[in-house]
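In this note's numbering, the protein residues as written are 1 to 49.
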């Protein structure tokens with residue numbers, strides 16, 4: 001598999017689709033390697049409490 005953010009080949013990609021107050025079921029899917037996923041998750045509002 002390939003990370004859509006950095007382009008790195010990886011064994012696993014991740015994507016958050018639904019979370020309380022967050023619904024990306026109709027968005028264009030972007031799959032991230034673990035490193036890019038963690039960076040992206042830090043920027044999301046539902047993680048800031």
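The C-beta atom is built at its ideal place from N, Cα and C for all residues, glycine as well.
Simplified DSSP assignment, three categories, for residue i
i: residue 8; result: coil
i: residue 31; result: coil
i: residue 42; result: helix
Beta-carbon proximity check, residue i vs residue j, cutoff 9 Å
i: residue 30; j: residue 4; result: yes
i: residue 35; j: residue 16; result: no
i: residue 22; j: residue 39; result: no
i: residue 13; j: residue 2; result: yes
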